[in-house]
DNA sequence: GTCCTACTTCAAGTCGGCTTGAGGTCAAGT
DNA sequence: ACTTGACCTCAAGCCGACTTGAAGTAGGAC
């Protein structure tokens, strides 16, 4: 039976997120348990959706702090829709950067030039304006 | 005059990369200096292009280790064009993921549903296949 | 010869996002 | 009564990519 409340073990089983991470997320205020049974946390099933939301955002490169700001504590309405739009624009820029990188990689894989650095088409990207400007978003690919 | 060899200070000035990072990159084998003048490193100007290449790759989400594997020590030919192609495919997947995230964010910013979690369109993404896969929760893409 | 300055080394610290481990609690089963 | 197993807390550790800081060195100007 799908109970309305589940223990941490069940959350782990159904979300794939380790217990240590769940506790960490709780500490960070990203999720919360509805109550305790003794010491043990009791969650509402909705935590599974919150976790999915967090996973999606993380995989899009957002930090836990950003996720916290974008969606209120309980995955709620979002006080700041403008921020969501801003994040979308940010993603757009990232996507364009990655697309051009992808094209260059494909070219590099096919290009017969002895060194990529000697290939005019590959060099193009090296002269792109803001290569190492301070606002670089880390972690788009990993984790 | 643009000399063929430059000191670390000049590299810093022209690349914007801090000296500490240059030394770190050298330690990691990403760049190397042509010789020493006393203790001081002397670089070839080509190091600037290598640094640009590294910056581009980093901004595309590649780790230093991956960059090391993709392009030989000196930014050279690339022994493994297949790997470049693989990386391009990886990027493609990432881009698709980000694009869908961007669309969802935009929708969330405009959607009037009280909670994003109640909006059918937003929930769609939460049920995407690879969110909570057993086994490889870690590293959807790389690293 | 001495001083400045740009450079050096090496060890340790930082940050985000967790994980690991030691030691404790508690309800249920035998 | 005791053990088991699932859960707990809290502190410390880890990884990648650097940065910071203390203490040393060498080349050129004066």
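Protein chains in written order, with the numbering used here: chain X, 78 to 220; chain V, 78 to 220.
Yeah, the Cβ is synthetic: ideal placement off N, Cα and C, and Gly gets one too.
In this text, all values refer to a predicted model and were calculated from it rather than measured experimentally.
Own chain partners of residue i with C-beta closer than 7 Å, once the 5 adjacent residues on each side are dropped
{"i": "residue 220 (chain V)", "result": "For residue 220 (chain V), the predicted structure reports a pLDDT of 28, less than 50, and the residue's modelled location is therefore unreliable. The matter cannot be settled from this model."}
Min CB distance residue i to chain X below 8 Å
{"i": "residue 99 (chain V)", "result": "no"}
{"i": "residue 91 (chain V)", "result": "no"}
{"i": "residue 133 (chain V)", "result": "yes"}
{"i": "residue 172 (chain V)", "result": "yes"}
{"i": "residue 274 (chain V)", "result": "Residue 274 (chain V) is absent from the structure shown; chain V starts at 78 and stops at 220."}
{"i": "residue 206 (chain V)", "result": "A caution first: residue 206 (chain V) carries a pLDDT of 41, below 50, which makes its placement in the model too unreliable to give a value."}
{"i": "residue 176 (chain V)", "result": "yes"}
{"i": "residue 185 (chain V)", "result": "yes"}
{"i": "residue 179 (chain V)", "result": "yes"}
{"i": "residue 165 (chain V)", "result": "yes"}
Neighbour flag for residue i against chain V, beta carbons, 8 Å
{"i": "residue 113 (chain X)", "result": "no"}
{"i": "residue 161 (chain X)", "result": "yes"}
{"i": "residue 169 (chain X)", "result": "yes"}
{"i": "residue 140 (chain X)", "result": "no"}
{"i": "residue 182 (chain X)", "result": "yes"}
{"i": "residue 136 (chain X)", "result": "yes"}
When the options are compared against residue i, the one with the closest alpha-carbon
{"i": "residue 185 (chain X)", "options": "V:117, V:162, V:186 and V:97", "result": "V:162"}
{"i": "residue 133 (chain V)", "options": "X:173, X:178, X:85 and X:84", "result": "X:178"}
{"i": "residue 87 (chain X)", "options": "X:107, X:171, X:117 and X:101", "result": "X:117"}
{"i": "residue 104 (chain X)", "options": "X:188, X:145, X:158 and X:187", "result": "X:145"}
{"i": "residue 187 (chain X)", "options": "V:94, V:188 and V:159", "result": "V:159"}
{"i": "residue 101 (chain X)", "options": "X:115, X:90, X:85 and X:91", "result": "X:85"}
{"i": "residue 172 (chain V)", "options": "X:157, X:106 and X:136", "result": "X:136"}
{"i": "residue 107 (chain X)", "options": "X:148, X:183 and X:170", "result": "X:148"}
{"i": "residue 168 (chain V)", "options": "X:120, X:169, X:182 and X:170", "result": "X:182"}
Residue i burial status per 10 Å Cβ neighbour count (16 or more: buried)
{"i": "residue 81 (chain X)", "result": "exposed"}
{"i": "residue 175 (chain V)", "result": "buried"}
{"i": "residue 97 (chain X)", "result": "exposed"}
{"i": "residue 138 (chain X)", "result": "buried"}
{"i": "residue 166 (chain X)", "result": "exposed"}
{"i": "residue 129 (chain V)", "result": "buried"}
{"i": "residue 142 (chain V)", "result": "exposed"}
{"i": "residue 207 (chain X)", "result": "Reliability fails at residue 207 (chain X), whose pLDDT of 40 lies under 50, so the model's placement of it is uncertain and the value that follows must be treated cautiously. Per the 10 Å Cβ criterion, exposed."}
{"i": "residue 212 (chain X)", "result": "With a pLDDT of only 38 at residue 212 (chain X), under 50, the local geometry of the prediction cannot be trusted, and no value is derived from it."}
Spatial neighbours of residue i in its chain, beta-carbon cut-off 8 Å, leaving aside the 5 residues before and after
{"i": "residue 91 (chain V)", "result": "83 and 125"}
Sequence-distant residues of the same chain with beta carbon closer than 6 Å to residue i, five excluded per side
{"i": "residue 94 (chain V)", "result": "128"}
> With a cut-off of 8 Å, do at least 3 Cβ pairs link the segment 102 to 115 of chain X to the segment 124 to 139 of chain X?
Replying inline: Flag = yes, the segment 102 to 115 of chain X and the segment 124 to 139 of chain X touch.
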